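Just below is one structure, and these are the notes that go with it.
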Amino acid sequence: MTPSARIAAAIALVADVDAMPRRPADATANDFFRTRRYIGSGDRRAVAERAWGVLRQRLRLTWHLQQVGLPVDARHLVMAHLVLAEGWTLEGVEQGYPGGRFNPPPLDPGERKAVAALVGRQLASSDMPEAIRLNLPDWALESFRARFGENLPAEAEAMNASAPLDLRANLLRTTREQAAAALAAEGIPTEPTPYSPWGLRIPDRRPILASKAFAGGLIEIQDEGSQLIALLTGAKPGMRVADYCAGAAGKTLAVAATMANKGRIVACDVSATRLEGAVKRLRRAGVDNAERHLLEPGDRWVKRRAGQFDRVLVDAPCTGTGTWRRNPDARLRTTPRDVTELAAKQHDILDTTASLVAKGGRLVYATCSVLPEENAAQVEGFLSRHPEFELVPFATAWAEASDAPAPEVDGPWMQLSPHRHGTDGFFTAVLQRRA
Ligand SMILES: C[S@@+](CC[C@H](N)C(=O)[O-])C[C@H]1O[C@@H](n2cnc3c(N)ncnc32)[C@H](O)[C@@H]1O
Numbered sequence: 033m034t035p036s037a038r039i040a041a042a043i044a045l046v047a048d049v050d051a052m053p054r055r056p057a058d059a060t061a062n063d064f065f066r067t068r069r070y071i072g073s074g075d076r077r078a079v080a081e082r083a084w085g086v087l088r089q090r091l092r093l094t095w096h097l098q099q100v101g102l103p104v105d106a107r108h109l110v111m112a113h114l115v116l117a118e119g120w121t122l123e124g125v126e127q128g129y130p131g132g133r134f135n136p137p138p139l140d141p142g143e144r145k146a147v148a149a150l151v152g153r154q155l156a157s158s159d160m161p162e163a164i165r166l167n168l169p170d171w172a173l174e175s176f177r178a179r180f181g182e183n184l185p186a187e188a189e190a191m192n193a194s195a196p197l198d199l200r201a202n203l204l205r206t207t208r209e210q211a212a213a214a215l216a217a218e219g220i221p222t223e224p225t226p227y228s229p230w231g232l233r234i235p236d237r238r239p240i241l242a243s244k245a246f247a248g249g250l251i252e253i254q255d256e257g258s259q260l261i262a263l264l265t266g267a268k269p270g271m272r273v274a275d276y277c278a279g280a281a282g283k284t285l286a287v288a289a290t291m292a293n294k295g296r297i298v299a300c301d302v303s304a305t306r307l308e309g310a311v312k313r314l315r316r317a318g319v320d321n322a323e324r325h326l327l328e329p330g331d332r333w334v335k336r337r338a339g340q341f342d343r344v345l346v347d348a349p350c351t352g353t354g355t356w357r358r359n360p361d362a363r364l365r366t367t368p369r370d371v372t373e374l375a376a377k378q379h380d381i382l383d384t385t386a387s388l389v390a391k392g393g394r395l396v397y398a399t400c401s402v403l404p405e406e407n408a409a410q411v412e413g414f415l416s417r418h419p420e421f422e423l424v425p426f427a428t429a430w431a432e433a434s435d436a437p438a439p440e441v442d443g444p445w446m447q448l449s450p451h452r453h454g455t456d457g458f459f460t461a462v463l464q465r466r467a
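Position one of the sequence shown corresponds to residue 33 (the numbering used here), numbered consecutively onward.
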């Protein structure tokens, strides 16, 4: 593809994402490239990277376009991205928009003037309102401030970078060292992650799913933060464990490995499709002590299993504000109403799952959100409604689960974040039913 054709493709992809604002952008991008097989892998990467950059910086790019009087649409967002994020000059942009088949139409005099005005400006400008400067939606600013305090600018900036690819060595089949050696033999270099004893990090994108190590169940793709949630669950061989919001079993797999296939783990979810996705993964990983349970309205499963589990992991449905570096479009799709609705759901799930926990057993509550309303406030509310539970401080839960040095955190729970820990933003609290 020529540079101009790449620009045209990025504009078309951003326009497609905009046409379906409630749909995750990666699903739209998959469709976009599936119907354009002629775009080779190098071009695909370049087009996707630019479109992702636009989505990631959209709040700031929109502000700049408004300042110079250009309409906020895919053509102009990409134009502003070229200048403000990629450092293109006016001449460069004119060459990039030459007109003709496969290329974007040329700049009109108004666009030329506006682009000239953009050249030399800072993407994050000091005269922007604070939320836009931090690249956060207005509604999220105060919650982010409450969570991060003086680290807010650094954490917000870290959420603009793209995430590394983290893998988890599957201890049911291998060790971290053996998995790293198997990947290296396939030309995929990795580094151990700093906190997870099972983690391997790949700094740039690689086709991991096509590797033999993946097909053979030696590794799974999993952010280091998610691995640490599984670690903190503290499941041991022989325990009875429920992964209540298991989805496609991402954490079930990691927890099962800590159980060395001994004891029982039940992966529950309200989504049949997600649970179905678990089947192949469990098989590939060699997990044979897991069963799946689809939670349905009127289900008596929870009642019948009251007090039966040593560990109940609630990886709750949440806003996913901690994963914004991975899903840059999500910051534009999430609304305050989502926060309210999800907080109500989390409250109900916690109250329901409390009854599953055996005396002396633990309820582990986790989200990939950084909003206090989904995290600390949720746990504090739960403890005031359930005096039969007490909080296990993070340092205690960690020391019981691992010999490795613990990540430094503030407060009695595990709060991880991109700037401080290099993970997505996660929250985990360990709650123990009094014996
Ligand atoms: C954060 S995701 C779980 C991700 C999964 N644990 C993993 O590690 O890959 C939250 C899950 O909660 C499920 N969920 C939503 N409402 C639920 C409910 N009321 N009870 C149980 N699960 C629920 C969703 O279907 C979704 O799969």
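Every residue, glycine too, gets a C-beta built ideally from N, C-alpha and C. Predicted model only: the values in this text are computed from it and were never measured.
* Asked: Among 238, 330, 255 and 119, which residue has its Cα nearest to the Cα of residue 219?
  -> 238
* Asked: Between residue 280 and residue 315, which are expected to be in contact by the criterion C-beta below 8 Å, what is the C-beta distance as a whole number of angstroms?
  -> No, residue 280 and residue 315 are not in contact; Cβ-Cβ is about 13 Å, not under 8 Å.
* Grouping DSSP H, G and I as helix and E and B as strand, with all else coil, what is residue 417? -> Helix at residue 417.
* Going by C-alpha distance, which of 455, 451 and 56 is nearest residue 187? -> 451
* Asked: Are at least three pairs of beta-carbons, each pair with one atom in the stretch 350–358 and one in the stretch 368–376, less than 8 Å apart?
  -> At 8 Å Cβ cutoff, the stretches touch.
* When the Cβ atoms of the stretch 336–347 are set against those of the stretch 260–273, are three or more pairs found closer than 8 Å? -> yes
* Examine ligand 1 and report whether any of its heavy atoms sits within less than 7 Å of the Cβ of residue 377. => yes
* To do: Using only the heavy atoms of ligand 1, determine whether one of them is closer than 7 Å to the beta carbon of residue 327.
  => With a cutoff of 7 Å, residue 327 counts as near ligand 1, since its C-beta is closer than that to a heavy atom of the ligand.
* C-alpha gap between residue 411 and residue 419, whole angstroms -> 12 Å
* Would you say the beta carbon of residue 258 comes nearer than 7 Å to a heavy atom of ligand 1? -> yes
* Asked: In three-state DSSP terms, what is residue 392?
  -> Reduced to three states, the DSSP call for residue 392 is strand.
* Span of the alpha helix (DSSP H), counted from its first residue to its last, around residue 94 -> 90–99
* Can you give the beta carbon distance from residue 97 to residue 112, rounded, assuming they're within the 8 Å contact cut? -> 6 Å
* In this structure, does DSSP put residue 71 in helix, strand or coil? -> coil
* To do: Identify, in the order they occur along the chain, each residue of the same chain with its Cβ nearer than 8 Å to the Cβ of residue 390, setting aside the five sequence neighbours on each side.
  => Here the set comprises 272, 339, 340, 341, 342 and 465.
* **Coarse secondary structure for residue 259, derived from DSSP in three states** => helix
* Asked: For residue 341, does the three-state DSSP call read helix, strand or coil?
  -> strand
* To do: Just confirm the distance between the C-beta atoms of residue 256 and residue 225, as a whole number of angstroms; I'd bet it's less than 8 Å.
  => 4 Å
* **Test item: CB-CB of residue 114 and residue 128 under 8 Å** => yes
* Compare the Cα-Cα distances from residue 248 to each of 231, 261 and 214 and report the closest residue. => 214
* May I have the straight-line CA-CA distance separating residue 276 from residue 287, to the nearest angstrom? => 13 Å
* Should residue 228 be listed as close to ligand 2, given that the test is whether its C-beta is under 7 Å from any heavy atom? -> Absent from the structure shown: ligand 2. Ligands present: ligand 1.
* List the endpoints of the continuous beta strand (DSSP E) containing residue 232. => 231–234
* Same chain, Cβ closer than 7 Å to residue 384, five either side skipped, listed in chain order -> 334
* Take residue 403 as the anchor and find which of 428, 386 and 363 has the nearest alpha-carbon. => 363
* Taking the CB atoms as reference points, tell me whether residue 459 and residue 399 lie closer together than 8 Å. => yes
* At least 3 beta-carbon pairs within less than 8 Å: the stretch 294–303 vs the stretch 312–328 -> yes
* Asked: Does the count of Cβ pairs from the stretch 167–184 and the stretch 196–204 closer than 8 Å reach three?
  -> The stretch 167–184, when compared against the stretch 196–204, does not touch it at the 8 Å Cβ threshold.
* To do: Over the uninterrupted alpha helix (DSSP H) stretch that includes residue 49, give me the two end residues.
  => 35–51
* What is the rounded straight-line gap between the Cα of residue 299 and the Cα of residue 328? -> 14 Å
* Give the straight-line distance between the Cα atoms of residue 196 and residue 68, rounded to the nearest whole angstrom. => 27 Å
* Asked: What's the call for residue 59, buried or exposed, on a 16-neighbour Cβ count within 10 Å?
  -> exposed
* To do: Just the C-alpha distance for residue 431 and residue 456, rounded to the nearest angstrom, thanks.
  => 22 Å
* Asked: Anyone know if the C-beta pair for residue 47 and residue 100 falls short of 8 Å?
  -> No.
* **Proximity of residue 317 and residue 285 at Cβ, strictly below 8 Å** => yes
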